[in-house]
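Notes for the one structure printed next.
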Amino acid sequence: MKKEYRTGTEIKWIPDGFHFLGPEETEKRRKLLGNLHSFFVDRGFLEVKPPGFDYSSTFYEHVSDTEKGKILKSRDLDGNEISPSLDLTIQVVKGMSGYKGKKGSSKVYYTGRIFKDAGRGLGRRREILQAGAEIIGHSNGNTFKLLLSLIDEILEKFYINRKLTIVLGNILVVSSIFDKLNFTEYQRKLLTGFIYRKDSFEITQFLKSIEISTDQIQVIVDLLLGFIPGNKVPDELKKLNQDWNLNLEETFKETEDILSYCSKMKNLDLCLDYSLVRDMDYYTGFILHGYAGSNSTPVITGGAYDILFEKFSVEPKRACGFAININIFEELLETVY
């Protein structure tokens with residue numbers, strides 16, 4: 369039995385996707401996390417510590433089908449299926465929903481590791497260090513202006529010498545179109561996959577099977593496949609909202625307010641992209657991804673998840689936040705120093 373496990377590879381190597389940090393790397397990380405701790409505490413955030421493991425069902429019930437395939441699973445001695453954290457936001461909201469020490473709104477931050485299984489490939493990472501900030505009790509446009517201000521300040525504090533491209537979307541836009549067209553749950557999932565992959569052919573073919581005009585199909589395809597620069601919601605989308613009575617006027621007003629507000633920021637460039645539709649059962653409003661240079665993995669992700677708190681508690685409460693991929697953030701710092 370011992371020989372079965374003590375192969376040469378297992379003795380000499382750490383499993384692919386996990387990493388050992390030496391003394392110098394550990395010192396740099398300790399300093400980075402210490403500075404982030406000071407940053408959030410100085411701005412009124414309270415530190416919380418999510419657990420390393422949770423019931424596997426906690427993640428299965430709240431993440432996309434793609435993410436479900438990345439969950440690492442094991443069983444404890446009682447026979448319960450448990451998993452290392454796949455999503456720290458879910459665990460923070462779950463924990464805060466049962467925390468009775470503070471009523472009303474809360475501002476919390478955390479650091480922790482997430483674990484995602486992945487197929488073999490160059491540069492795959494199965495252990496990711498993350499730092500995040502959550503505002504529980506608010507999730508409107510002004511709250512997102514605050515979140516984006518925090519991101520801008522973090523980049524300034526750490527002397528990141530490049531702008532971060534923030535791609536801003538809103539789940540309400542796509543879900544309102546889906547509701548108007550009376551899509552079934554199956555149709556929603558199918559089209560959501562096409563949208564996220566920006567598969568123009570499949571989106572067009574799908575929409576052609578529905579009783580809507582060619583002009584409206586083109587508006588929807590253009591809306592879902594293109595990055596929208598500038599500080600305005602496209603007129604074509606506003607017209608679609610009016611023609612279909614989507615009731616998105618307040619959403620558009622908040623969007624343009626955020627875009628205008630952030631146009632003055634030194635370290636952020638914003639654009640709209642309504643194809644950010646992953647985890648539509650998770651996010652409920654604004655959603656953002658932050659990219660640095662040509663790296664296709666976002667260094668920052670975030671959004672509003674107003675229904676998540678209620679799923680763990682009888683009390684409905686709005687919530688939003690963002691998370692920093694520390695591994696990618698460290699790579700950015702290496703280009704600075």
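Yeah, the sequence shown ends on 705 if you go by the numbering used here, and it's all consecutive. Think of the CB as a built atom: it goes at the ideal place given N, C-alpha and C, for glycine as much as any other residue. Values in this document were obtained by computation on a predicted structure and should not be read as measured data.
Please report the residue range of the beta strand (DSSP E) in which residue i lies.
i           : result
residue 315 : There is no way to answer for residue 315, as the model of the chain reaches only from 369 to 705.
residue 451 : 449–452
residue 609 : It is not in any beta strand (DSSP E) - residue 609 instead sits in the alpha helix (DSSP H) that spans 603–612.
residue 502 : 495–504
residue 692 : 687–693
residue 422 : 421–423
Between which residues of its own chain and residue i is the CB-CB distance below 6 Å, once the five residues before and five after are set aside?
i           : result
residue 691 : 498, 500 and 669
residue 676 : 461
residue 490 : Legend: pLDDT at residue 490 = 47, less than 50; position of this residue unreliable, value from coordinates given subsequently. So no residue of the chain qualifies.
residue 684 : 678
residue 597 : 639
residue 658 : 532, 534, 666, 667 and 668
residue 608 : 587
Exposed or buried, residue i, counting other C-beta atoms within 10 Å across all chains shown (16 or more means buried)?
i           : result
residue 486 : exposed
residue 652 : buried
residue 578 : exposed
residue 568 : exposed
residue 622 : buried
residue 611 : exposed
residue 614 : buried
residue 641 : buried
residue 322 : Look at the range of the chain in this structure, 369 to 705, and you will see that residue 322 is not part of it.
residue 560 : buried
residue 520 : buried
residue 553 : exposed
residue 582 : exposed
residue 537 : buried
residue 595 : exposed
residue 550 : exposed
residue 693 : buried
residue 591 : buried
residue 406 : exposed
residue 414 : exposed
So, for residue i: in the same chain, excluding its five sequence neighbours on each side, which residues have a beta-carbon less than 7 Å away from its beta-carbon?
i           : result
residue 452 : 420, 421, 440 and 483
residue 511 : 503 and 688
residue 585 : 572, 575 and 576
residue 616 : 540, 541, 544 and 609
residue 702 : none
Beta-carbon within less than 8 Å of residue i's beta-carbon, same chain only, minus the 5 sequence neighbours each way: which residues are those?
i           : result
residue 558 : 574
residue 455 : 427, 430, 431, 435 and 482
residue 388 : 382
residue 450 : 421, 422, 423, 424, 441, 442, 443 and 444
residue 416 : 460, 463, 464, 476, 477 and 478
residue 589 : 568, 571, 572 and 575
residue 505 : 472, 473, 474, 685, 686 and 687
Pick out whichever of the options has its Cα sitting closest to the Cα of residue i.
i           : options               : result
residue 682 : 555, 698 and 467      : 467
residue 392 : 400, 507 and 446      : 400
residue 522 : 408, 547 and 600      : 408
residue 633 : 538, 688, 515 and 494 : 515
residue 580 : 593, 545 and 601      : 545
residue 338 : 620, 594 and 584      : As displayed, the chain neither begins before 369 nor continues past 705, which places residue 338 out of reach and without an answer.
residue 674 : 696, 650, 694 and 659 : 650
residue 636 : 617, 543 and 513      : 513
residue 697 : 654, 525, 458 and 624 : 525
residue 565 : 480, 495 and 643      : 643
residue 458 : 447, 480, 448 and 473 : 480
residue 627 : 616, 448, 509 and 556 : 509
residue 493 : 695, 447 and 448      : 695
residue 708 : 380, 530, 448 and 603 : With the chain covering only 369 through 705, there is no way to say anything about residue 708.
Which stretch, first to last residue, makes up the alpha helix (DSSP H) that contains residue i?
i           : result
residue 479 : Run containing residue 479: none in the alpha helix (DSSP H); it sits in the beta strand (DSSP E), 474–483.
residue 564 : 553–564
residue 519 : 509–525
residue 467 : Taken as a continuous stretch (DSSP letters only), residue 467 belongs to no alpha helix (DSSP H), as it is neither H nor E.
residue 595 : No alpha helix (DSSP H) contains residue 595, which DSSP labels as neither H nor E.
residue 435 : 433–436
residue 571 : 568–576
Quiz item: Can you give, in chain order, each stretch of the alpha helix (DSSP H) that sits fully within the segment 375–415 and has at least 4 residues?
Solution: 376–380 and 391–410
Exercise. Go through the segment 617–649 residue by residue and report every complete run of the alpha helix (DSSP H) that reaches 4 residues or more, in order.
Key: 617–630
Quiz item: Which full runs of the beta strand (DSSP E) of 3+ residues lie inside the segment 644–685, going along the chain?
Solution: 654–659 and 668–672
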